[in-house]
Amino acid sequence: DAGVTQSPTHLIKTRGQHVTLRCSPISGHKSVSWYQQVLGQGPQFIFQYYEKEERGRGNFPDRFSARQFPNYSSELNVNALLLGDSALYLCASSLEGVRQPQHFGDGTRLSIL
Amino acid sequence: GESVGLHLPTLSVQEGDNSIINCAYSNSASDYFIWYKQESGKGPQFIIDIRSNMDKRQGQRVTVLLNKTVKHLSLQIAATQPGDSAVYFCAENRGAGSYQLTFGKGTKLSVIP
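Protein sequences, first through last, are from chains A and B. Counting in our numbering, the first sequence runs from 15 upward without gaps. Counting in our numbering, the second sequence runs from 2 upward without gaps.
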């Protein structure tokens, strides 16, 4: 069975630009979460979506937004990119919520120049 | 700030020995915990989870112990193999109504052949 897939795998942007990251959850999983992982640290929670509704939001500015589609795939959007947005962006899916095993994709490595 | 942390940032073990990775948490409302393994260039890989109504849970070569009295979690890996070399994270969910996992900084496990 296919795991969580994310695209693109790598991305280079400049300050002020906008980026869209995509995630396809494991088949049958209805919950998708997004995390940011800075080098040398653990992942930091950004958003959680379940059945196309935002259920949780971490301590990130409004430049970060996301949505979930009817097929349960998800997009993470970041506007007005800053150098500090350089990180690995991870998507995780689970059957119904975060109180079940969440399975991660391999992430999108975003570099801001 | 993070409430989940690790006592040791690095751990080196001889191949074939048992490994113990420790984790402390501070939020008494946390009732669901997960251990993840992250290899270089990959996303976190689910290892095992445990709920607060349990003290111990076993998987294949791994055991998680939960001590709610002192808010301590540990991951034991039996007969450690070179393929176990990675960074290990514990993560917590802070009870019903929390939609995120909170991760610690991670412990790097190095297996000496």
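Note that CB positions come from ideal geometry on N, CA and C, so glycine has one too.
Minimum Cβ-Cβ distance from residue i to chain B less than 7 Å
i, result
"Gly98(A)", "no"
"Phe78(A)", "no"
"Pro39(A)", "no"
"Gln55(A)", "yes"
"Arg36(A)", "no"
"Gly42(A)", "no"
"Arg29(A)", "no"
"Arg69(A)", "yes"
"Gln62(A)", "yes"
Environment of residue i [buried if 16+ CB atoms lie within 10 Å]
i, result
"Ala117(B)", "Within the shown structure, residues of chain B are numbered from 2 to 114, placing residue 117(B) beyond reach of any answer."
"Asp99(A)", "buried"
"Thr70(B)", "exposed"
"Ala92(B)", "buried"
"Gly119(A)", "buried"
"His117(A)", "buried"
"Ala80(B)", "exposed"
"His8(B)", "Low local confidence applies: a pLDDT of 48 at His8(B) is under 50, so the model's placement there is unreliable, with the coordinate-based value given in what follows. By the 10 Å Cβ count, His8(B) comes out exposed."
"Ala30(B)", "exposed"
"Leu110(B)", "buried"
"Lys57(B)", "exposed"
"His43(A)", "buried"
"Thr108(B)", "buried"
"Ala94(A)", "exposed"
7 Å Cβ cutoff, residue i in contact with chain A
i, result
"Pro10(B)", "no"
"Asp18(B)", "no"
"Lys38(B)", "no"
"Tyr33(B)", "yes"
"Leu7(B)", "Unreliable placement is indicated for Leu7(B), whose pLDDT of 42 sits below 50; no coordinate value is reported for it."
"Gly2(B)", "Bear in mind that the predicted position of Gly2(B) carries a pLDDT of just 36, short of 50, making it unreliable; the figure below should be weighed with that in mind. No, Gly2(B) lies away from the interface with chain A (no Cβ there is under 7 Å from its Cβ)."
"Gln61(B)", "no"
"Leu110(B)", "no"
"Lys69(B)", "no"
Spatially closest choice to residue i from the options, by CA coordinates
i, options, result
"Glu68(A)", "Lys27(A), Ala94(A) and Glu110(A)", "Glu110(A)"
"Cys105(A)", "Asp99(A), Asn73(A) and Ile60(A)", "Ile60(A)"
"Phe47(B)", "Ile113(B), Phe90(B) and Lys106(B)", "Phe90(B)"
"Gln101(B)", "Phe34(B), Thr64(B) and Ile78(B)", "Phe34(B)"
"Ser125(A)", "Leu53(A), Glu89(A), Phe78(A) and Arg81(A)", "Leu53(A)"
"Pro22(A)", "Tyr103(A), Pro39(A) and Val112(A)", "Tyr103(A)"
"Ile78(B)", "Thr11(B), Arg52(B), Ile21(B) and Thr103(B)", "Ile21(B)"
"Asn73(A)", "Ala16(A), Ser87(A) and Gln50(A)", "Gln50(A)"
Beta carbon of residue i nearer than 7 Å to that of residue j
i, j, result
"Pro57(A)", "Asp50(B)", "no"
"Val65(B)", "Leu76(B)", "yes"
"Leu96(A)", "Ala80(A)", "no"
"Val63(B)", "Ser86(B)", "no"
"Gln113(A)", "Asn94(B)", "Residue identity differs from the one stated: residue 113(A) is Arg in this sequence, not Gln. Yes."
Bridge-paired residues (DSSP) for residue i
i, result
"Glu93(B)", "Phe34(B) and Thr103(B)"
"Thr19(A)", "Ser38(A)"
"Leu90(A)", "Leu35(A) and Ala80(A)"
"His73(B)", "Ala25(B) and Asn68(B)"
"Lys109(B)", "Thr11(B) and Val88(B)"
"His117(A)", "Ser107(A)"
Task: Positions along the region 98 to 114 of chain A whose CB lies within less than 9 Å of some CB in chain C - done: Here the protein chains are A and B, and chain C is not one of them.
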